[in-house]
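Here's the structure we're looking at; comments come further down.
Number of protein chains: 2
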Amino acid sequence: MPPEADPRARAIAVFDSGVGGLTVLAALRRRLPREDLVYLGDTARVPYGTRSPQVVTRYALNNARFLGGFSPKLLVVACNTVSAVALPALEAALTVPVLGVVEPGAAAAAALRGGHVGVIGTAGTIRSGAYQAALGRVAPGVRVTAAACPLFVPLAEEGWTAGEIPVRVAHRYLDGLVASGIDTLVLGCTHYPLLRAPIAQVVGPRVRLVDSAEAVAEAAGARLSRDGLARGEGAGADRMFVTDLGGDFGALARAFLGRPIPPPEVVDIS
Amino acid sequence: MPPEADPRARAIAVFDSGVGGLTVLAALRRRLPREDLVYLGDTARVPYGTRSPQVVTRYALNNARFLGGFSPKLLVVACNTVSAVALPALEAALTVPVLGVVEPGAAAAAALRGGHVGVIGTAGTIRSGAYQAALGRVAPGVRVTAAACPLFVPLAEEGWTAGEIPVRVAHRYLDGLVASGIDTLVLGCTHYPLLRAPIAQVVGPRVRLVDSAEAVAEAAGARLSRDGLARGEGAGADRMFVTDLGGDFGALARAFLGRPIPPPEVVDIS
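One line per chain: the protein sequences are A and B, in this order.
For what it's worth, the numbering used here labels the leading residue of the first sequence as 1, then goes sequentially.
For what it's worth, the numbering used here labels the leading residue of the second sequence as 1001, then goes sequentially.
Laid out in structure tokens, this is it:
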């Protein structure tokens, strides 16, 4: 479709490996009610967190190419794994500004001024060291301890977000972090806010939790203002695409977005 | 590569969504020591069990097309989800005979002559009704109760195959089946044999477990003999391809295959 003549009227494009990024979409909608948002969830190839950086980068470029057709004014990468391993490749391939979730999440953690930050995420995110590096830049001298929590994504997608099983799984992944003395914990995966209750129960009230979805929405607003690209009027519209519509998409999307949505459009981008 | 002049010398091609099919590869190697086996694991797009039949069929055709380059004499679909939803599409598109795991698994369950068969598998497999239909054909009148167990695949891939967490998860999925009075349980997913111990503990000694990997290896041997395509001499070789080599592939493959393997070749088939 033709780009809007006024660049401020263009949409913000958002993509994620699947439904997890809907927590970012919800935060963007709250923070930027006037902006049009176009979301792509790559549900035909989710999850990304177990894949190699090469494959994650290939999939991210596919997604960005599809969203480029909407001539967006900003591309928000609502996936921690992509933000951790593929941001340089996206920036090199695209002319639109790209915003990932890792830098804003690290900055939000640093703002809490703790001395020992825990980071949890997918195997791909943790292995990349991206949060560790970003925290080292914004909070030099802070101690960082990271842990991959592979079962948290399927637990959240199964809807088992309360009760004994998620608490036991959280103990198995997080007891070591708690014992190491963290005072801050970055939820470095867009699925993890759904497991906030069992995570909070296991780490206890002295550990502050950082949700990068809120942080990236703040950063997106600041970026648009700085570039003179914020939309000054009107009510923003949402448009939603997925690469596959599995049986439980509606229920899942509702859990992540916090409200029901109409069925998204299904596209084949491969 | 050029097909072997003697059709008996051609390889058996095997594919799965990832590493789960290595349980089938191991059974084929035991049953058919003289045959060459070519395996493709679509690790860049695993899992299939949560995806729509349309996407599973597209991926299955990609995989079969790649393996067609080896001019195999038989294609074994070592993935229950593909066997359940995409077998007709594969048979229509290919000239090579195709063998899935559902029919042999249902036949093996029927041979035990129980009165009430439970079937567990991915959401895609169970939603398809393929096992229910196959059991209806080979054992008319048998009662069938099916349940999807989505967390079993990530549990097996995380290596949490013993201890309290898998037992609790198994209780949550299987207590209803046990209460309904099943006497036989089909492990309708190639990952589930790794969870055999907690599954057996939860269903108890009166429920007989059926592993479709053994059943499909038997069926493959019978099919080659019937068609005069069995290899009469020599020691078969294995060749292995994956579409992505994630960080833990070696350890995972070893768990599923029961022995270490050399690193597979990585191919981009998308």
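Here a beta-carbon is modelled for each residue, glycine too, at the ideal position from N, C-alpha and C.
For residue i, is the classification buried or exposed, using 16 other Cβ atoms within 10 angstroms of its Cβ as the cut-off for buried?
i, result
"residue 159(A)", "exposed"
"residue 225(A)", "exposed"
"residue 1103(B)", "buried"
"residue 1234(B)", "exposed"
"residue 253(A)", "buried"
"residue 141(A)", "exposed"
"residue 1139(B)", "buried"
"residue 5(A)", "exposed"
"residue 114(A)", "buried"
"residue 1166(B)", "buried"
"residue 1206(B)", "exposed"
"residue 123(A)", "buried"
Is the CB-CB distance between residue i and residue j below 7 Å?
i, j, result
"residue 8(A)", "residue 229(A)", "yes"
"residue 203(A)", "residue 242(A)", "no"
"residue 1116(B)", "residue 1182(B)", "yes"
"residue 1060(B)", "residue 1215(B)", "no"
"residue 1195(B)", "residue 1255(B)", "no"
"residue 264(A)", "residue 23(A)", "no"
"residue 16(A)", "residue 41(A)", "yes"
"residue 1273(B)", "residue 151(A)", "Here chain B comprises residues numbered 1001 to 1270, so residue 1273(B) is not present and cannot be evaluated."
"residue 1045(B)", "residue 127(A)", "no"
"residue 163(A)", "residue 34(A)", "no"
The alpha helix (DSSP H) with residue i in it runs from where to where?
i, result
"residue 1213(B)", "1212-1226"
"residue 173(A)", "164-179"
"residue 85(A)", "80-85"
"residue 1046(B)", "Per DSSP, residue 1046(B) belongs to no alpha helix (DSSP H) and is neither H nor E."
"residue 245(A)", "Unbroken run through residue 245(A): none, as it is neither H nor E."
"residue 14(A)", "No alpha helix (DSSP H) contains residue 14(A), which is instead part of the beta strand (DSSP E) from 12-16."
"residue 1100(B)", "Per DSSP, residue 1100(B) belongs to no alpha helix (DSSP H) and is neither H nor E."
"residue 188(A)", "Taken as a continuous stretch (DSSP letters only), residue 188(A) belongs to no alpha helix (DSSP H), as it is neither H nor E."
"residue 1269(B)", "Run containing residue 1269(B): none; DSSP gives neither H nor E here."
"residue 1263(B)", "Careful: residue 1263(B) lies outside any alpha helix (DSSP H) and carries neither H nor E."
"residue 1256(B)", "1249-1257"
"residue 95(A)", "Note, residue 95(A): premise wrong, no alpha helix (DSSP H); not H, not E."
With a threshold of 6 Å on Cβ separation, who are the neighbours of residue i within its own chain once the five nearest residues in sequence on each side are excluded?
i, result
"residue 1125(B)", "1080, 1081, 1084, 1188"
"residue 100(A)", "77, 83, 87"
"residue 208(A)", "112, 184"
"residue 53(A)", "85"
"residue 1144(B)", "1117, 1132, 1135"
"residue 170(A)", "198, 199, 202"
"residue 1161(B)", "1194, 1195"
"residue 130(A)", "84, 102"
"residue 1043(B)", "1018, 1242, 1243, 1244"
"residue 1110(B)", "1138, 1139"
"residue 271(A)", "The requested residue 271(A) is not part of the displayed model; chain A covers only 1 to 270."
Which residue from the options puts its Cα closest to that of residue i?
i, options, result
"residue 32(A)", "249(A), 270(A), 218(A)", "218(A)"
"residue 1106(B)", "1133(B), 1123(B), 1128(B), 1090(B)", "1133(B)"
"residue 1249(B)", "1018(B), 1006(B), 1005(B)", "1018(B)"
"residue 36(A)", "263(A), 21(A), 231(A)", "231(A)"
"residue 1258(B)", "1015(B), 1021(B), 1141(B), 1058(B)", "1021(B)"
"residue 269(A)", "64(A), 50(A), 144(A)", "64(A)"
"residue 238(A)", "45(A), 25(A), 94(A)", "25(A)"
"residue 1210(B)", "1266(B), 1190(B), 1227(B), 1094(B)", "1190(B)"
"residue 213(A)", "186(A), 266(A), 69(A)", "186(A)"
"residue 1240(B)", "1266(B), 1205(B), 1092(B), 1227(B)", "1266(B)"
"residue 69(A)", "94(A), 55(A), 51(A)", "94(A)"
Which residues in the same chain as residue i place their Cβ atom closer than 7 Å to its Cβ, once the five residues preceding and following it in sequence are excluded?
i, result
"residue 149(A)", "120, 173"
"residue 1072(B)", "1010, 1011, 1012, 1013, 1038, 1096"
"residue 67(A)", "13, 15, 38, 40, 75"
Considering residue i, what are the terminal residues of the beta strand (DSSP E) in which it resides?
i, result
"residue 1051(B)", "Per DSSP, residue 1051(B) belongs to no beta strand (DSSP E) and is neither H nor E."
"residue 1182(B)", "It is not in any beta strand (DSSP E) - residue 1182(B) carries neither H nor E in the DSSP assignment."
"residue 1148(B)", "1143-1148"
"residue 1199(B)", "Unbroken run through residue 1199(B) is the alpha helix (DSSP H), 1196-1203; no beta strand (DSSP E)."
"residue 75(A)", "74-77"
"residue 120(A)", "116-121"
Just to confirm my understanding: we take residue i, look at its own chain, exclude 5 residues before and 5 after, and list those with CB closer than 8 Å. What are they?
i, result
"residue 1220(B)", "1012, 1028, 1031, 1032, 1074, 1076, 1099"
"residue 89(A)", "57, 60, 61"
"residue 251(A)", "159"
"residue 180(A)", "116, 118, 145"
"residue 1147(B)", "1118, 1119, 1120, 1126, 1173, 1174, 1176, 1177"
"residue 1091(B)", "1098"
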